[in-house]
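Q: The numbering used here puts the first residue of the sequence shown at -16, with every later residue one more than the last.
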Amino acid sequence: MISRNSIIEAFSTRAGRDRAQPQQPRRSGEAGFTLVEMLVVIAIIGLIMGLIGPRVLNYLSESKVKTARIQLQSFSSALDLFYLDAGRFPSTAEGLAALVRRTPGVAAWNGPYLKGGNVPNDPWNHPYLYRSPGEHGPYDIVSYGSDGQEGGSGTSADISLEKTTAANNDQQ
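(1) Between the Cα of I124 and the Cα atoms of Q54, A26, G29, which residue gives the shortest distance?
(2) Could you tell me whether the Cβ atoms of G135 and W107 are closer together than 8 Å?
(3) Go ahead and label D63 buried or exposed: buried means 16 or more other beta carbons lie within 10 angstroms of its beta carbon, across all protein chains shown.
(4) Please determine, among Y122, I142, S115, G36, the residue with the shortest C-alpha to C-alpha distance to G128.
(5) Could you check the C-alpha separation between G137 and L43 for me, to the nearest Å?
(6) Mind reading off the beta-carbon distance from L97 to V83? Whole number of angstroms is fine, and I expect it under 8 Å.
(7) Got a sec, what are the start and stop residues for the beta strand (DSSP E) S126 sits in?
(8) Does the structure place the segment 34 to 53 close enough to the segment 99 to 118 that three or more beta carbon pairs sit under 8 Å?
(9) Between the C-alpha atoms of P121 and H109, what's the straight-line distance to the nearest angstrom?
(10) With a cut-off of 8 Å on the beta carbons, I'd call L164 and S59 a contact; round off their distance for me.
(11) Nearest-angstrom Cα distance between R114 and S126?
(12) What residues are listed by DSSP as bridge partners for L189?
(13) Could you please give me the residues that DSSP links to I142 through a beta bridge?
(14) For T50, name the three-state secondary structure that DSSP assigns.
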């Protein structure tokens, strides 16, 4: 007669053989990408970035110049409101800060004339230059561009309210 232990042993050995063995990955070309394929993909990505990258940077630079022009027009509108209330433009010493904080000697101040409660810097994080009286009118507001220095060309060129107004008139 067959013992109970021998039956259990026979089933447990058989069950061990029927278990699925983990498959080893094949060593053929189906397992992944070859080094040559990876290098081709990297070269294509580099070529695309080389062609598109400068255009993206140019758009970014142009958008900063446009932002500075819009801020100059906003300052101009705020200065006009200040003038209507105070009867004068802020002095050079008072600067654009007079648009957000009451200055001594201005009784009819109804500000702040700029949102946010502070005078923003230009898009390159440099302060705007304000002069009153200005060379070209009752006041001048100037951004020295990306380099923060007077003069320059391209994105380093000075951006002033006079040039902004002239550029807007040329577009119309």
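Even glycine gets a Cβ: it sits at the ideal position worked out from N, Cα and C.
A: To lay it out plainly:
(1) Indexing the sequence shown from 1 puts residue 124 at position 141. Ranking the options by Cα distance to I124, first place goes to Q54.
(2) For the purposes of this step, residue 135 is taken as residue 152 along the sequence shown, with counting starting at 1. For the purposes of this step, residue 107 is taken as residue 124 along the sequence shown, with counting starting at 1. Against a cut-off of 8 Å, the Cβ pair of W107 and G135 comes out as no contact.
(3) On the sequence shown, residue 63 is found 80 positions in, with the first residue counted as 1. With fewer than 16 Cβ atoms within 10 Å of its Cβ, D63 is classed as exposed.
(4) As a first step, residue 128 must be located in the sequence shown, where it is residue number 145. Nearest option by C-alpha distance: I142.
(5) Translated into positions along the sequence shown, residue 137 becomes position 154. Translated into positions along the sequence shown, residue 43 becomes position 60. If I take the Cα positions, the gap works out to 13 Å.
(6) Start at 1 with the first residue of the sequence shown, and residue 97 comes out as number 114. Start at 1 with the first residue of the sequence shown, and residue 83 comes out as number 100. Correct: roughly 5 Å between the Cβ atoms.
(7) Along the sequence shown, read from residue 1 onward, the residue named residue 126 stands at position 143. It spans 123 to 126 - the beta strand (DSSP E) in which S126 sits, taken as one unbroken run.
(8) yes
(9) As a first step, residue 121 must be located in the sequence shown, where it is residue number 138. As a first step, residue 109 must be located in the sequence shown, where it is residue number 126. Taking the straight line from one Cα to the other gives about 23 Å.
(10) The chain is shown only over -16 to 155; residue 164 falls outside these bounds and no answer can be derived.
(11) In the sequence shown, residue 114 corresponds to position 131, counting from 1. In the sequence shown, residue 126 corresponds to position 143, counting from 1. Cα-Cα distance, rounded: 12 Å.
(12) Nothing in the structure corresponds to residue 189, since the chain is present only between -16 and 155.
(13) In the sequence shown, the residue the question calls residue 142 occupies position 159. Answer is S126, bridged to I142.
(14) Here residue 50 refers to the residue found at position 67 of the sequence shown. Helix.
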